[in-house]
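Counting the sequence shown from 1 gives a position; the numbering used here is that position plus 18.
Idealized CB from N, CA, C, for every residue including glycine.
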Amino acid sequence: MTTKMLINALEPEEYRVAFIKDGMLDGFHIETSTAEEIRGNIYKGIVERVEPRLHACFVNFGSEKNGLLPADEIHPEYYQTIRPDPTGKGVPPIGKLVKKGQELLVQVTREMPGRKGPHLTTYLSLAGRYLVLTVGRTTNGISRKIEDEKERQRLKSIMGRLKLPEEIGYIVRTVAVGQNKKELSRDLNRLLRIWKDIKKRAKQSPTLSVIHKEQDICLRTLRDYYNSDVSEILVDDKETHDRIKEYMKIISPRLKGRVKHYKSNRPIFDQHQIESQIESIYRNRVQLKSGGSIVIDATEALISIDVNSGRAKMGKNMESMAYKNNLEAASEIARQLRLRDMGGLVVIDFIDMRDRKHIREVEKVLREELRKDRAKTDTSHISKFGLLELSRERLRPSIQSRSYRTCHYCQGRGTIMSVESAAVSLLRRIWMGLWKGGVTEVKGVLPVEVAAYLQNRK
């Protein structure tokens with residue numbers, strides 16, 4: 019099955035990238051001018067506070083929120099009062115590693131939701147098309163998703179013939195499968211030039227400066243998600259199209275012809291009939307073809323997903339229909355988590371099944387679908403209560419949190435006071451004020467329905 023990549027970049031306030039496979043939305047990425055992604059950026063920060071209880075420190079790197087730097091993410095070159103342990107066993111107390119006011123070169127590894135600051139590391143990494151350079155970690159590796167042992171050995175042999183500085187290691191990415199020495203060498207040299215520039219800028223720049231900024235969403239998505247399955251890349255903005263074409267000359271010169279400028283006046287997502295599919299990402303209920311549905315609710319602690327039979331006719335063979343519904347739901351749940359970019363603990367309440375084969379098959383389908391996800395996942399088994407727990411790596415805030423804000427009136431609950439309760443609540447506040455004394459005048463601003471209720475009923 020071929021995949022199309024659509025890039026909607028006409029509006030500078032919001033860039034959107036979608037992958038469609040057989041008319042279905044298979045991937046979606048969004049970046050707004052007010053919530054630009056900072057994961058991967060490198061900053062020259064300063065230690066603001068050392069927290070022994072957390073075994074971490076907070077680093078001011080020029081953002082609104084200080085970042086959290088765990089002790090095991092501090093490179094030995096920054097240690098203050100002790101020498102690095104050559105055996106590498108254990109991490110000394112944070113107070114002996116860094117001190118307040120110390121300058122550090124840090125990279126954002128994870129953006130956190132809400133009021134939490136991002137997670138940081140001093141072990142820097144630079145992602146290319148085929149390789150990831152790891153500065154400070156000299157261990158080398160091949161992506162686990164490359165399972166063919168001959169291919170792993172071939173890539174390892176090629177990398178063994180390439181020269182790297184002593185302080186730098188590498189990870190070979192999944193898309194490197196089938197690539198020759200020339201392609202890998204070109205990617206490596208480009209990353210080494212970037213690292214050389216970072217070192218130069220780090221010496222010259224003042225504290226709280228951005229030393230290295232990740233590529234924008236269009237180029238970043240091409241680098242991380244583009245593969246041979248993508249038959250066409252359509253871009254609706256000419257300037258962005260030209261920039262992507264130039265980037266393709268660097269990462270995949272032979273395939274630059276797949277980048278095309280979409281010139282129609284009809285919006286690109288509407289033309290491919292995926293706008294309604296994108297809108298469904300922001301709803302908590304997703305309809306299934308069988309007539310059932312899944313309901314996704316996110317809380318501070320976890321994400322709950324309820325599988326409902328809905329309009330699906332259970333009939334006499336309830337076990338068979340529950341199995342069919344759960345199979346479809348398992349596949350769709352993995353897709354929705356990927357599309358919505360939801361991370362953390364997820365609890366799924368499947369429709370009850372008694373057949374152990376059915377239970378294992380539903381678990382198998384869910385795991386297979388989750389393998390398509392770039393984020394790391396870990397799943398449990400379905401319990402006797404029909405619940406399955408899984409964790410999905412949280413790389414960035416969810417799609418919804420980047421495009422929506424909490425309602426001022428309901429505080430995100432999705433409900434507001436009834437007319438009667440609002441009226442009585444206002445009266446109680448008036449009575450409390452009168453009881454305190456000294457009140458000469460009462461003014462209230464309230465909805466028309468509540469005012470009418472007070473006037474006509476009270």
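| query | result |
| --- | --- |
| Tell me where the alpha helix (DSSP H) around M339 begins and ends. | M336 to R358 |
| Since G362 and L320 are thought to touch, with beta carbons under 8 angstroms apart, how far apart are those beta carbons, to the nearest angstrom? | 6 angstroms |
| Reducing DSSP to helix, strand and coil, say where D367 ends up. | strand |
| Identify, in the order they occur along the chain, each residue of the same chain with its Cβ nearer than 7 angstroms to the Cβ of G462, setting aside the five sequence neighbours on each side. | L444 |
| According to DSSP, is T105 part of a helix, a strand, or is it coil? | Its pLDDT being 47, under 50, T105 is placed unreliably by the model, and nothing is read from it. |
| Sorted by chain position, which residues of the same chain lie with C-beta nearer than 7 angstroms to H195's C-beta, five sequence neighbours on each side aside? | A quick correction: the sequence has Val, not His, at residue 195. Around V195: I164 and E169. |
| To test your reading of the DSSP string, which unbroken alpha helix (DSSP H) runs of 4 or more residues are found completely within the segment 251-291? | 256-269 and 286-289 |
| Are the beta-carbon atoms belonging to V313 and F368 less than 8 angstroms from one another? | no |
| Just the Cα atoms here: how many angstroms apart are D205 and E66? | 37 angstroms |
| Residues in the same chain with beta-carbon distance under 7 angstroms from T105, minus the five sequence neighbours each way, listed in chain order, please. | The predicted position of T105 is uncertain, since its pLDDT is 47 and thus under 50; no value can be drawn from it. |
| For Q125, I'd like the list of residues in its chain whose CB is within less than 6 angstroms of its CB, leaving aside the five on either flank, ordered along the chain. | I60, T139 and L142 |
| Take every Cβ of the segment 119-135, pair it with every Cβ of the segment 169-187, and state whether three or more of those distances are shorter than 8 angstroms. | no |
| Compare the beta carbon distance of I564 and I251 with 8 angstroms and say whether it is the shorter of the two. | The question about residue 564 has no answer, for the chain in this structure spans 19 to 476. |
| If you check the beta carbons only, do S249 and T21 fall under 8 angstroms apart? | yes |
| Does the segment 35-52 touch the segment 257-274, meaning 3 or more C-beta pairs lie closer than 8 angstroms? | no |
| List the endpoints of the continuous beta strand (DSSP E) containing V313. | S311 to A316 |
| Please go through the same chain and pick out, in chain order, the residues whose beta-carbon is closer than 7 angstroms to the beta-carbon of K256, but skip the five residues on each side of it. | H279 |
| What is the DSSP secondary structure of H426, counted as helix, strand or coil? | coil |
| Are the beta-carbon atoms of I38 and T225 separated by less than 8 angstroms? | no |
| Starting from S327, follow the alpha helix (DSSP H) in both directions and report where the run begins and ends. | Premise fails: S327 is in no alpha helix (DSSP H) and is neither H nor E. |
| Return the CA-CA distance between I366 and E297, expressed in angstroms with no decimal places. | 23 angstroms |
| Could you name the residues that DSSP lists as bridge partners for R128? | H137 |
| In whole angstroms, what is the alpha-carbon distance linking K117 and H93? | 14 angstroms |
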